[in-house]
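**Q** Structure provided below as structure tokens; questions to follow.
Numbering (the numbering used here), first residue to last: 38 to 141.
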């Protein structure tokens with residue numbers, strides 16, 4: 038069985054490599070493991086305090102990743118708007134089109 042710290046280490050690596058699904062699954066495993074420890078042995082308070090500090094680091098990494106993804110989505114949205122502007126500007130509009138018979 039993996040220790041909580043092992044799960045934490047894997048979760049940290051997943052966040053650093055931007056593997057969101059893996060990080061989420063590991064966060065759930067870590068939560069379950071912490072609950073088991075809290076229910077079984079109250080004498081491991083030092084380990085839990087250490088894990089709390091490590092959890093703060095994980096949260097900071099997750100927030101950085103969230104911010105990065107938000108910025109990337111904003112950039113993609115701006116690019117899409119820019120390309121739509123080019124599309125509209127590049128359409129050929131005839132100044133005589135309304136006066137020509139298009140059927141022949």
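Using N, Cα and C, we set each Cβ at its ideal position, and we do this for glycine too.
(1) Spatial neighbours of residue 41 within its chain, please: C-beta separation below 8 Å, excluding the five flanking residues on both sides.
(2) On the CB-based measure, 16 or more other CB atoms within 10 Å of its CB, does residue 60 come out buried or exposed?
(3) Can you give me the C-alpha to C-alpha distance between residue 45 and residue 91, rounded to a whole angstrom?
(4) With a Cβ-Cβ cutoff of 9 Å, do residue 121 and residue 53 count as a contact?
(5) Under the rule that 16 or more other beta-carbon atoms within 10 Å means buried, what is residue 55, buried or exposed?
**A** In brief:
(1) What you label residue 41 is simply residue 4 of the chain shown in a count that begins at 1. Closer than 8 Å at the Cβ level, and outside the excluded window around residue 41, lie 67, 70, 71, 74, 84 and 88.
(2) On the chain shown, position 23 is the one that residue 60 refers to. Buried: at least 16 other Cβ atoms inside 10 Å.
(3) Counting from 1 along the chain shown, the entry for residue 45 is found at position 8. Counting from 1 along the chain shown, the entry for residue 91 is found at position 54. Going from the Cα of residue 45 to the Cα of residue 91 covers about 8 Å.
(4) Stepping through the chain shown from its first residue, residue 121 is reached at position 84. Stepping through the chain shown from its first residue, residue 53 is reached at position 16. Against a cut-off of 9 Å, the Cβ pair of residue 53 and residue 121 comes out as no contact.
(5) Position 18 of the chain shown holds residue 55. Per the 10 Å Cβ criterion, exposed.
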